[in-house]
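Asks: Following the working numbering, the numbering of the sequence shown begins with 12 at its first residue and continues without gaps. My questions will all concern the structure given below.
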Amino acid sequence: MFYTHSTVDRADHIRKDVDELSRLWAHDKARIVPVWQNKSLVVKNTPDTHAQAVFLTRDRAPDDGQRIFLGLDDGTPYFAQDVSALNDAQAAELCGQSSTRDGEHYDSEFLDLRQAGPMLSAQDGSLLAYARGLTFWNANTRFCTRCGASMESHNGGHVRSCSNAECAYQAFPRTDPAVIMLVIYTPTDNSEPLCLLGRSPGWPDGVFSTLAGFVEPGESLETAVQREVREEVSVETTDVRYVASQPWPFPRSIMLGFEAIATTTEIQCDPDEIADAQWFTRNELKDFGNWGDETPGNKLPRPDSIARFLIDRWLASGV
Ligand SMILES: [Zn+2]
């Protein structure tokens, strides 16, 4: 599953040790993942290679910008640094000062991970997702939700505490649970099994994907699956089964993947959320193009998504 292959040991025990964090930051081997206005620094792929994450050494990191301890990978300390305060020219300058895991220097650029993710190796994609998620949370947790005072970073960027001593509220990085589900129907007349895919208004032409939605307070994940399918396409489901999960830091979700069995088949789309939804056989899906194809016709969702994982899994189960 993409974005779940980080080899970084998060080393929670180090986060509270201010002296050790300072020592690791000053370490010659320290690698810094810069995040600029939610964008990640990458060198684009060539026909022969993946795109790659690129890092700053400490002497090339800007003085300003919050540092977040990501962890250790085979003795190498990794930090994220929020360099969003840099202007366009300064950010462009940084692109010429970076290097990849192998220490080579390439021309790099800041790209949204939504765009760069599918081009990266699973290891680099996971590290950049981790850095992007924590940077976003810190940048968007500036004030206390209880008393409105400013928040201060602690534990290497993994805790934020209210600066008002009487309040002392602590906030921890949050992630929003969303369910994503492949709805399956097996006809009783022995005709081919079907799966239900839909497309949201505004998606690229022809792209169909699994349905999805956020979990609401007071409901189980299974109930959320059934409610979302009912709301979006008016189909009833049963036998909701968990399959897999995926962090999705756009900006801070975790996608909880399910399969569900349809007990009704008539589709009525909620036009606010779903522009079109249809039942497809495995053979029909095999004729779909890929996300990003310029050619006309139906297309599968982006290759780094759990939606694609759920669809590919169902296709493989029918072989
Ligand atoms: Zn407070």
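Built from N, CA and C at the ideal position, the CB exists for glycine as well.
Could you pull out every unbroken alpha helix (DSSP H) segment of at least 4 residues lying fully inside the stretch 184-254, listed in chain order?
Replies: 232-244
Asks: From Glu-277 to Gly-303, what distance separates their C-alpha atoms?
Replies: If I take the Cα positions, the gap works out to 30 Å.
Asks: Throw me the rounded Cβ distance for the Ala-133 and Val-44 pair, which I believe falls under 8 Å.
Replies: Not really, about 16 Å apart at Cβ, beyond 8 Å.
Asks: Just to check my reading of the structure: Gly-267 and Glu-243 have Cβ atoms closer than 8 Å, yes? What is that Cβ distance to the nearest angstrom?
Replies: With the sequence shown as reference, residue 267 is identified as Leu, and Gly is not the correct amino acid for it. In fact, because the Cβ distance is near 17 Å, the residues do not count as touching under 8 Å.
Asks: In the DSSP assignment, find the alpha helix (DSSP H) that holds Glu-295 and state where it starts and stops.
Replies: 293-297
Asks: Per DSSP, which residues does Asp-84 bridge with? Please list them.
Replies: Thr-87
Asks: What's the call for Arg-153, buried or exposed, on a 16-neighbour Cβ count within 10 Å?
Replies: The residue in question, Arg-153, is exposed, as its Cβ has fewer than 16 Cβ neighbours within 10 Å.
Asks: Hey, quick one: how far does the alpha helix (DSSP H) through His-61 stretch, first residue to last?
Replies: Where His-61 is concerned, there is no enclosing alpha helix (DSSP H), given that its DSSP letter is neither H nor E.
Asks: Is it a yes or a no for the stretch 165-185 touching the stretch 301-319, going by three-plus beta-carbon pairs under 8 Å?
Replies: no
Asks: Can you give me the Cβ contacts of Thr-87 inside the same chain, cut-off strictly under 7 Å, excluding the 5 residues immediately before and after it?
Replies: Lys-40, Arg-42
Asks: Confirm, please, whether the CB-CB distance from Leu-232 to Leu-321 is below 8 Å.
Replies: Taking 8 Å as the Cβ cut-off, Leu-321 and Leu-232 do not qualify as a contacting pair.
Asks: To the nearest angstrom, how far is the alpha carbon of Val-65 from that of Ser-174?
Replies: 35 Å
Asks: Which residues bound the beta strand (DSSP E) around Glu-163?
Replies: Annotation for Glu-163: the continuous beta strand (DSSP E) segment containing it runs 162-165.
Asks: Between which two residues does the beta strand (DSSP E) containing Ala-271 stretch?
Replies: Here the beta strand (DSSP E) through Ala-271 covers 264-273.
Asks: Does the Cβ of Asp-135 have 16 or more other Cβ atoms within 10 Å, making it buried, or fewer, making it exposed?
Replies: buried
Asks: Within the present structure, is the beta-carbon of Tyr-141 separated from the nearest heavy atom of ligand 1 by less than 7 Å?
Replies: no
Asks: Nearest-angstrom Cα distance between Pro-228 and Arg-69?
Replies: 43 Å
Asks: What do you reckon, are the CB atoms on Ala-100 and Arg-210 nearer than 8 Å?
Replies: no
Asks: If you pair each beta-carbon of the stretch 19-35 with each one of the stretch 74-93, do three or more pairs fall below 8 Å?
Replies: yes
Asks: Pick out every residue whose C-beta is nearer than 5 Å to a heavy atom of ligand 1: which are they, in chain order?
Replies: Cys-155, Arg-157, Cys-158, Ala-160, Cys-173, Asn-175, Cys-178, Tyr-180
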